[in-house]
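Plus 1407 on top of the position in the sequence shown (first one is 1) and you've got my numbering.
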Amino acid sequence: MPPHEPEADPRWHGVRLDQLSLRRKQKFKLFVVLREPEDTPDGETSKDIAATGKLHDNSLIKDERRERRVTLPRLTGALALALTVFLVVSTVFAAPPSDPSVACVSGELSVEGSSVFMPAMRSIAREYTQACGDTRTDTRPTGSIDGVDSLVALDPSRAGAWRRCRTAGTAEPRPG
């Protein structure tokens, strides 16, 4: 058998794989035997070639590594979903917030005073009723002096002190 003489110039034609399309994270390896010894029968290769992988879309694709089940995007998505569910459940089943600075007392609340302050008094009465649900509020526009007189009339020991101040012309009642 005559020895094989190398060609003068190599010819490069490249490799074309027209029917191969890869999806994201899929890989393809091409195995090319450039030259085999002359004594191989029927053009068989002397190398061991193993084709493993998934036969999908008429091509052979091998998974080189196992895909992780827990990845950062999956973990982030799961935490976001859990937080969303928690917020929705806590919003739906949460007790209405109460203002700790409001001392709630059951019964009836009567707000009296000058008619100039009626819008403010109504607002205060409405907020108190919302904060303390079992209270009935009543707002009455009276004069300033009549409002204070009705307040003092509730406590007999202080009623006389207020009347003495009003007739004496002082602004505040004196203890006594």
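Don't be surprised by glycine CBs; every beta carbon is placed ideally from N, CA and C.
With DSSP run on the structure shown, which of helix, strand or coil describes leucine 1479?
Leucine 1479: helix per DSSP, three-state reduction.
With 16 other CB atoms within 10 Å as the buried threshold, where does glycine 1520 fall?
The C-beta of glycine 1520 has 16 or more other C-beta atoms within 10 Å across all chains shown, which makes the residue buried.
Range of the contiguous beta strand (DSSP E) that encloses proline 1548:
1542–1548
Quick one: measure Cβ to Cβ for threonine 1544 and threonine 1536, integer angstroms, because I've assumed they're closer than 8 Å.
The beta-carbon distance between threonine 1544 and threonine 1536, rounded to whole angstroms, is 5 Å. This is short enough to meet the 8 Å contact definition.
Is it a yes or a no for the segment 1517–1531 touching the segment 1548–1556, going by three-plus beta-carbon pairs under 8 Å?
yes
Return the bridge partner residues of valine 1439 from the DSSP annotation.
Answer is none; valine 1439 lacks a bridge partner.
Assigned secondary structure, valine 1612 (DSSP; H/G/I helix, E/B strand, else coil):
In the structure as shown, the chain begins at 1408 and stops at 1583. Residue 1612 is therefore absent and cannot be evaluated.
What's the call for valine 1559, buried or exposed, on a 16-neighbour Cβ count within 10 Å?
buried
CA-CA distance, serine 1497 and threonine 1483?
21 Å
Going straight from the alpha carbon of glutamate 1445 to that of lysine 1454, what length do you get?
14 Å
Three-state secondary structure (DSSP) of leucine 1427
coil
Taking the alpha-carbon of glutamate 1515 as reference, which of Cys1539, Thr1452 and Val1523 has the nearest alpha-carbon?
Cys1539
Can you pull the DSSP bridge partners for glutamate 1519?
Arg1547
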